[in-house]
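Going left to right, the sequence shown walks through residues 1 to 94 as the UniProt record's numbering numbers them. The beta carbon of each residue, even a glycine, is placed where N, CA and C say it ideally should be.
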Amino acid sequence: MNGEMSFEPTAGAIASVMISKDDLGTMLLEQITAVMASQLQGTEKQAVEKVSEACSQKNRRLKQAKVAAQAEIEQCHLQKEKEFKAKEAVVLGS
Numbered sequence: 001m002n003g004e005m006s007f008e009p010t011a012g013a014i015a016s017v018m019i020s021k022d023d024l025g026t027m028l029l030e031q032i033t034a035v036m037a038s039q040l041q042g043t044e045k046q047a048v049e050k051v052s053e054a055c056s057q058k059n060r061r062l063k064q065a066k067v068a069a070q071a072e073i074e075q076c077h078l079q080k081e082k083e084f085k086a087k088e089a090v091v092l093g094s
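Right under this line is the structure:
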């Protein structure tokens, strides 16, 4: 030899490296499944975040509506009390 090493694979070595079409298909399917599962998890996470944000916004709107309703009730109460005092003054003043 001229200082170079040569490698001649044996039939057994070649056979152990060869992958059948079925094995290749299975490997490809597993990789595709893993990618799709990862994408699905990402999509699910986004959906959960959107639902959570929608619930938060709904709760904020409900709290704002409650505060506005309480203020309106207080205004109505004050107005009715004012009207009552005016009628009371007329009735008691006569």
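Inter-residue spacing [alpha-carbon to alpha-carbon] between residue i and residue j
i: Lys-66; j: Lys-50; result: 24 Å
i: Glu-44; j: Ser-56; result: 18 Å
i: Asp-23; j: Val-48; result: 37 Å
i: Leu-29; j: Gly-42; result: 20 Å
i: Ala-71; j: Ser-52; result: 29 Å
i: Leu-40; j: Ile-32; result: 12 Å
i: Lys-21; j: Val-35; result: 21 Å
i: Ala-54; j: Ala-68; result: 21 Å
i: Lys-85; j: Cys-76; result: 14 Å
Residue environment, residue i, which counts as buried when at least 16 other CB atoms sit within 10 Å
i: Lys-82; result: exposed
i: Met-1; result: Caution is warranted here: a pLDDT of 49 is assigned to Met-1, below 50, making its placement in the model unreliable, and no coordinate value can be reported.
i: Lys-87; result: exposed
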